[in-house]
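This report refers to the structure that appears directly beneath it.
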Amino acid sequence: MISLFRFLAIITVVSYSGSIYCQSNNEMTLVKGGSFMPLYGVDSSMVIVQDFKMDVYPVTNHEYLAFVKKYPKWQRSKILKLFSDDSYLVHWEDDLSLNKDLLPESPITNVSWFAAKSYCECQGKRLPTVDEWEYAAMANETMPDARTLPEYNQKILSWYETPKTFKNTIGSTFKNYWGIYDLHGLVWEWTLDFNSVLISGESRKDVDKDSNLFCGSAAVGASDLMNYAAFMRYAFRGSIKANYSGRNLGFRCVKDVDKTQ
Amino acid sequence: MKNIITTILSLTLFVSCNVEKKSDKVLQKVDTEISSNTISDMSIYNLPSTWTTQNNQDIELKELQGDILVMVMIYTTCKAACPRLVADMRNIESQIPVKDKEKVKLILVSIDPETDTPERLKNFAQENNMDNEQWVFLRGTKEATREFAAVLAVNYKKISPMDFSHSNIISVFDTNGVLKHQQEGLGVNNKETVETILELAKKS
Amino acid sequence: MRLKLKLLESKTLCHIMILALFFSLYSCINNGESKAIENAADISVSKEMIAELTAPPNVPTPVGRRKAKKLIVNMEILEEVGEMTDGVEYVYWTFGGTVPGSFIRTRVGDEVEFHLKNHPDNKLPHNIDLHAVTGPGGGATSSFVAPGKEAQFSFKVINPGLYVYHCATAPVGMHVANGMYGLILVEPEGGLPPVDKEYYVMQGDFYTKGENGERGLQPFDMQKAVDEDADYVVFNGSVGSMTGDNAITANVGETVRLFVGNGGPNLVSSFHVIGEIFDKVMVEGGDMINENVQTTLVPAGGSAIVEFRVDVPGTFILVDHSIFRAFNKGALGMLKVQGEENEKIYSGMQEEGIYQPEGGGIQEMPIEEGVSRGVVTAKTLAEKMEFGKATYMQTCFACHQAEGQGIANAFPPLAESDYLNADVNRSIDIVLHGKTGEITVNGVVYNSVMTKQDLTDEEVANVLTYVYNSWGNSKKEVTPAMVRVRRSGH
């Protein structure tokens, strides 16, 4: 009994994300692993992605509200400055109520990476890696990899050009091959290693492999410069920092598949 | 329960020992509220992760509280930028006057915890003549490393089994773990970095 | 005698020039850098000032004789839907809410403190590369800014001239193609010589998924952009941004200065004002002045300053003289000059004949007969009228005029037209196949040429319905089916 107490105590002190026990109400679906060539890969070779489960929908306002109710430290007035900038949940009425223009079923946005990460961890999940996200998101309705279809890229591109899609509700875009909605067409999504993107913002310079900013600069060169849509996603990731919150930036969680079961 | 109490006690001690100028108010706050409120909102000591040093000791970041920290993220097998970053760190260190040296810790955090075992870090420290009190090498979990990088705005990516690409940023933290200055690039002018350190040393 | 004198003069001139060249070379070797630049970098600034930013076609107040200052520029990036042409919408990415972006006016020696603000509702990160900046990326490396953030950097303007600025975030071409460019002027000490009117004109090419004129919100077409196959080439961001009520104006006797830029992304502009000769052109926006120029080349990512005195009243048309762009893709603007006629300079019409201007559509281009281009279909009469009017304004307006009144002796009227109302099938045939030769309309004989129009069945139906339901005509409704029958040869 004492040791259990100790264990809990350690967790409370050690983990700012709080207890690992909380309800998971977001449906998940299996994404079968495989290998693929991402825009920014490892040494121009295929990246291997293991099987994982991904949330079918991005996390909603409603779900996030329940989270901050349970974990007050993630409320707007209480969040540590280290973990967020001033735009964190700035579009909410106050700590515990949405603005009246906000739909409960719209994706939560204006949350920092730390907050998103903590949300997932508290559900026993985690944020997807860039590779996992890109892998799941190359599927269209019928194919696991639709990147070669010009219509597919065009569709994504035209979403990037459509303003204010964050106002739509989850499930308003297509269901992809894996059964996942809204990877494209609603909001950008945080990834666990978003800060693995080394783009300086000066895209013409990023092509320069002698750039002295980065070690191992070979990875700076993209594998397919014509894939504008992916290019823009990576540019976006390169522009943000972990404490940023954006009106167009939400998240969803993933979970490893337990191979022993 | 015991554990919590010990932590609070040790924290209280820490604060009272090292931040002499802090008023009683702050100390009272420590008594009534738990842990995170004792340190600044912007302090890296809010990060809970545990790290291992080159001497195979486990430490939490907040154990470093009270020292001025100069931090950089590297990996020991790196052949291109990291030796230069290490040289930059050494250059900064050499400009700190002897009387202030004990107030400053120079910290190298590995971005490749899988390869950089404590033994490896120890070897690296010895090879680079950095094996003394002032230099601390840290290795954490993959996740803690990613999070720490996120706080420092350091970006990195594994691009082959032995290689990472990464931003070259040297960061200076005050005695409370709050970020005060960053320099980006290799072999850049470190005048401002050194000035920041000296100014902080004057205050502490 | 005169010739000899001239020769002599030029010989001396030559000597002087050689001497001067020698000296300047000498000083170059010694200083490594030209003196003017050195001085400009050393100019000290007093006081702070918020920069006046203006939307096209306006420009901020000239710097005049003001001293160099710390100039604070607050530029907001907005991604927003705008109108490319009647019935066609496009998502523009803008500096300051307009295409081209806000005009920035500085003087040599100013220290510009640039605040680039990316609106929180925006989707994408952006940055800015100002060609007036001496430094890496023209500021792009220091200004990469995520939505909801503000980036700040400072630079000193050293070289006088008219410079382009643009976004340089990946994919650069797309950011530019969506409208992220503008002009920054660096005036020399004491300012440019004063003129009566100054305007801001900037060309850009646009690539849409649908063809020119296809209705609805049109997404950017990357492939067309790569192929440099523009659907729209326009001044100041949209078709008609500088025509009709939006025309720029001047009075007879005034000197007009146009700050002309070209954002690209692809096309080089052959900038010309129909019926004017540029008295002065600051070539490529730099120091070199060329005089008496008809058409000046404005490179993509480049500029020119043109000046001319307007001597006679009338409407002067600004075009890209790569002329299909002007008449078929939108690169057309107007300068309306008011004042007294001056027949010594321009007589007005002395003889009248027939001239066949081109319509909006591409002529003689084969189209898939009767197949709609995937456009929105008009369902109600009101919609047919609306769509028909859009087609009319693009295709018919030039000859038959806004109120269907036609042009005397050249193009017959469509208003209260007996010829039109007498036979609907004949009208359809004329639109489909054109008409050459003598016809009598409302008792007046016309002998001219109308070419066949490149329109779909639905467009023909809509435009004729519009004509029949306007200006006192018979209110007949023409359906696509009727057109199809006529097209298939009865």
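Those protein sequences? They're chains A, P and F, same order as listed.
The first sequence runs 10 to 270 under the numbering used here.
The second sequence runs 286 to 489 under the numbering used here.
The third sequence runs 41 to 530 under the numbering used here.
For glycine and all other residues, C-beta sits at the position ideal for the given N, C-alpha and C.
Everything numeric in this text was worked out from a predicted model, so none of it was measured.
*How is F:L118 classed by DSSP in three states: helix, strand or coil?*
strand
*Simplified DSSP state of A:P116, which is helix, strand or coil*: strand
*Limits of the beta strand (DSSP E) - the one that F:A186 falls within*: Taken as a continuous stretch (DSSP letters only), F:A186 belongs to no beta strand (DSSP E), as it is neither H nor E.
*Relative to the alpha-carbon of F:F154, which residue among F:E383, F:G483 and F:V113 has its alpha-carbon at the smallest distance?*
For the residues F:E383, F:G483 and F:V113, the minimum Cα distance to F:F154 belongs to F:V113.
*Under 8 Å by Cβ, that's how I've got P:I482 and P:Q468 pegged, so tell me the actual separation to the nearest angstrom.*
In fact, because the Cβ distance is near 11 Å, the residues do not count as touching under 8 Å.
*For F:M374, which residues does DSSP report across the bridge?*
F:I357
*With 16 other Cβ atoms within 10 Å as the buried cut-off, status of P:A366*: buried
_Strand pairing of F:N330, partner residues [DSSP]_ = F:V321
*So which residues on chain P does A:K250 lean against when the C-beta distance must stay under 7 Å?*
A438
*asked:* Taking the straight line between their C-alpha atoms, what separation do you get for F:R145 and F:L223?
replied: 9 Å
*Contacting residues, own chain, Cβ-Cβ under 6 Å from A:A146 (five flanking each side not counted)*: Closer than 6 Å at Cβ, skipping near neighbours: L192.
*For the candidate residues F:M490, F:G477, F:V471 and F:E478, whose alpha-carbon lies nearest to that of F:V518?*
F:V471
*In chain P, what lies closer than 9 Å to A:V206 by C-beta?*
N440 and K442
*In the segment 186 to 215 of chain F, which residues sit with their C-beta less than 8 Å from some C-beta in chain A, listed in chain order?*
A186, P187, G188, K189, A208, T209, A210, P211, V212 and M214
*Using three-state DSSP, classify A:C31 as helix, strand or coil.*
Annotation note: pLDDT 46 at A:C31 (below 50); position unreliable, coordinate value reported separately. Of the three classes helix, strand and coil, the one that applies to A:C31 here is coil, per DSSP.
*Could you name the residues of chain A that F:F260 contacts, counting a contact when the two beta carbons are closer than 7 Å?*
L166 and E170
*Take F:T289 and list the residues in its own chain whose beta-carbon comes closer than 6 Å to its own, dropping the five residues that flank it on each side.*
Contacts found: K376.
*Just the Cα atoms here: how many angstroms apart are F:I168 and F:G178?*
8 Å
_A:S54 at chain F interface by Cβ criterion, 9 Å_ = no
*Mark F:Y386 as exposed unless 16 or more other C-beta atoms lie within 10 angstroms of its C-beta, in which case mark it buried.*
exposed
*Give the interface partners of A:L201 over in chain P, defined as CB-CB distance under 9 Å, in chain order.*
E428 and R431
_Whole angstroms are fine: how far does the CA of A:K41 sit from the CA of F:M425?_
54 Å
*Tell me where the alpha helix (DSSP H) around P:K386 begins and ends.*
Segment V383 to K386, the alpha helix (DSSP H) holding P:K386.
*Which same chain residues, not among the five before or five after A:V77, have their C-beta less than 6 Å away from its C-beta?*
W83 and Q84
*Leaving aside the five residues before and after A:S54 along the sequence, list all residues of the same chain whose C-beta is less than 7 Å from its C-beta, in chain order.*
Result list for A:S54: empty, nothing under 7 Å.
*Nearest candidate by alpha-carbon position, reference F:N461, set F:Q445, F:N509 and F:N286*: F:N509
_Cβ-based burial, P:Q350 [other Cβ within 10 Å; buried from 16]_ = P:Q350 sits buried, since 16 or more C-beta atoms from the chains shown fall within 10 Å of its C-beta.
*Buried or exposed: where does P:T361 fall if 16 or more other Cβ atoms within 10 Å of its Cβ makes it buried?*
buried
*In the DSSP assignment, find the unbroken beta strand (DSSP E) run with F:N291 in it and report its ends.*
I288 to N291
*Does the Cβ-Cβ distance between A:P172 and F:V296 come in under 9 Å?*
Cβ distance not < 9 Å, so A:P172 and F:V296 don't count as in contact.
*Could you give the C-beta distance for F:V300 and F:A265, rounded to a whole number, given that I count them as a contact under 8 Å?*
Not a contact, Cβ separation roughly 23 Å.
*asked:* Do F:N487 and F:E456 count as a contact pair if the criterion is CB distance below 9 Å?
replied: no
*Mind listing which residues of the segment 440 to 465 of chain P have their C-beta closer than 7 Å to chain A's C-betas, in chain order?*
N440, Y441, K442, K443, I444, S445, D448, F449, S450, H451, S452 and N453
*At least one CB of chain F closer than 9 Å to the CB of A:Y253: is that the case?*
yes
*Closer than 9 Å, CB to CB, is F:D161 near chain A or not?*
yes
*F:V279: buried (16+ other C-beta within 10 angstroms of its C-beta) or exposed?*
buried
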